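Enquirer: The numbering of the sequence shown is the numbering used here, which starts it at 174 and goes up by one.
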Amino acid sequence: MKYIDISLIIEKNIPQWPKSRSIEIKRIMNLNRGRPANVTRVEMDVHTGTHIDAPKHFIKNGRSIDKINLNELIGRCYLYNTGNKDEINIDFLKGLDIPRGIDKILLKTKNSKLWKDKKFHKNFVALTPEAAKWVVKKKIKLVGIDYLSIQKFNEKDNKTHKILLKNGVVIIEGLNLNSVKQGMYELIVLPIKIKDSDGAPARAILKIL
174 MKYIDISLII EKNIPQWPKS RSIEIKRIMN LNRGRPANVT RVEMDVHTGT
224 HIDAPKHFIK NGRSIDKINL NELIGRCYLY NTGNKDEINI DFLKGLDIPR
274 GIDKILLKTK NSKLWKDKKF HKNFVALTPE AAKWVVKKKI KLVGIDYLSI
324 QKFNEKDNKT HKILLKNGVV IIEGLNLNSV KQGMYELIVL PIKIKDSDGA
374 PARAILKIL
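(1) Thinking C-alpha only, which one of Ser-193, Ile-263, Asn-205, Gly-207 is nearest Gly-222?
(2) Helix, strand or coil for Val-308 per DSSP?
(3) Can the beta-carbon of Asn-349 be found less than 7 Å from the beta-carbon of Leu-204?
(4) Return the residue from the list Gly-268, Ile-177, Pro-302 that minimises the CA-CA distance to Lys-329.
(5) Alpha carbon to alpha carbon, how far is Lys-311 from Thr-213? Give it in angstroms, no decimals.
(6) Could you check the C-alpha separation between Ile-318 and Ile-232 for me, to the nearest Å?
(7) Going by Cα to Cα distance, which pick from Gln-355, Met-357, Ile-345, Tyr-358 is closest to Arg-376?
(8) If you draw a straight line from the C-alpha of Asn-242 to the C-alpha of Gly-256, how long is it?
(9) Note down, in chain order, each residue of its chain lying with its Cβ closer than 8 Å to the Cβ of Gln-352, except the 5 sequence neighbours on either side.
(10) So Asn-186 packs on Arg-200, CB below 8 Å; how close in whole Å?
(11) Would you report the Cα separation of Ile-323 and Gln-189, rounded to the nearest angstrom?
(12) For Trp-307 and Ile-361, what's the separation of their Cα atoms in angstroms?
(13) Within 10 angstroms of the Cβ of Met-217, are there 16 or more other Cβ atoms? Answer buried if so, exposed if not.
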């Protein structure tokens, strides 16, 4: 078996959404200073790095991250390379040949090259609201993308998020797909089980079939 880790490393200089609280990673106990163990404290937004948005993120009374079922997070997926497209619109999605039985898709865009740069880029590739409606119509249950949001920066009313989340579509953001080829994989993505949270950092892995 071969696995591909498609998660970002959490570190202080990782790209973050504007106005997010700075990541703090602090060693509060240190063996080198005579303490009995090394202990690290981490403070960050739950939408940092590779993470999952729970419906609660944008939907009033929506499910929190601890209520998402494992069956929604693990299973066969198809990864699509979108090439040099500037947005993921409905016309592009209509051209996809989604294998029968697949309800999880990952979208590799030119965003993956942006992870080399530690600053945040506002012009990242994302879904349009019309594309989100198509995802729901096709009964896709999970969609993942390789930057910090599934929707465009400064999209009005957060329509794309709301369309997906109110219809039970799991959103994975912040994937690192730079070295992954288009094709079928087994996806395993496990968010930290934080009670009543609107999202959580996650470890995302692809198993090569």
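Every residue gets a Cβ at the ideal spot worked out from N, C-alpha and C, and that includes glycine.
Just so it is clear, the structure is predicted and the values come from calculations on it, not from any experiment.
Expert: Concretely, from the data shown:
(1) Ser-193
(2) helix
(3) no
(4) Pro-302
(5) 44 Å
(6) 20 Å
(7) Ile-345
(8) 32 Å
(9) According to the sequence as given, residue 352 is Ser; it is not Gln. Around Ser-352: Ile-177.
(10) Not a contact, Cβ separation roughly 17 Å.
(11) 14 Å
(12) 24 Å
(13) buried
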